[in-house]
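The numbering of the sequence shown is the numbering used here, which starts it at 409 and goes up by one. Just so you know, even glycine gets a beta-carbon here, dropped at the ideal spot from N, CA and C. The structure displayed is predicted, hence computed values, not measured ones.
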Amino acid sequence: MDVNSHQYFQQEAAKLQQQIQTLQNSNRHLMGESIGNLTAKELKSIETRLERGIGRIRSKKHELLLADIEYMQKREADLQSENLFLRAKVAEVERVAQEAEENQTMAAPPLPVAAGGGTAAELQALPASLDPRGYYLQMQASMLAASAASSSSQYPEEHPQGQEQHLQTALHLGYHIKVDSGTASKAFL
């Protein structure tokens, strides 16, 4: 490096330091510091610069606020349309559920109330071991078989099939048929 380039760099460094000092002073003045030795003209210049800066700051702030307001209005419209869509969807689901419930209530008759105050569904929920129907059905079947066997042995020439049908009907109705010398009389069980 030669002497000329060394001097050049020293001069450039001095200029940059002076610029840094000027910028720091200007920054202090803009902040309202170190203004005691300034003239009225310099104060007016600083005030004008500050007012222009404030105007630019305010216009940028308003621009950002307007952009935010526009975005929020668009978002509000989107949310309202989504809300309407969801309300329609909920109404549709409720309508379908109500129709299904109405169809179900129309298809299934209301459960009768049993003598003890419970519904038929409560009675059906009883265990199968408490269900007397199985016992009575077995009893009816055995009685029918016994009656058919005895009547076929007593009256083989008559119509055993018709008589058996007659006995089934009588048993089903809760009556027991006694056959005495060709005449039938009904008696309660």
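**OP:** Starting from T456, trace the alpha helix (DSSP H) both ways and give me its first and last residue.
**Re:** The count along the sequence shown starts at 1 and reaches residue 456 at position 48. Here the alpha helix (DSSP H) through T456 covers 448-515.
**OP:** Grab me the residues of S638's own chain with a C-beta within less than 8 Å of its C-beta, minus the 5 sequence neighbours each way, in chain order.
**Re:** With the chain covering only 409 through 597, there is no way to say anything about residue 638.
Subject >> Short Cβ contact (8 Å threshold) for L458 with L438 >> reply: To locate residue 458, count along the sequence shown from 1; it is residue 50. To locate residue 438, count along the sequence shown from 1; it is residue 30. Taking 8 Å as the Cβ cut-off, L458 and L438 qualify as a contacting pair.
Original post:
Expressed to the nearest angstrom, what Euclidean distance is found between the alpha-carbon atoms of E478 and F417?
Top reply: Taking the first residue of the sequence shown as 1, we reach residue 478 at position 70. Taking the first residue of the sequence shown as 1, we reach residue 417 at position 9. Cα to Cα, the separation comes out at about 54 Å.
**OP:** Counting only the same chain and skipping the five closest in sequence on each side, list residues whose C-beta sits under 7 Å from that of N511.
**Re:** For this step, residue 511 is matched to residue 103 along the sequence shown. Cβ neighbours of N511 beyond the five flanking positions: none.
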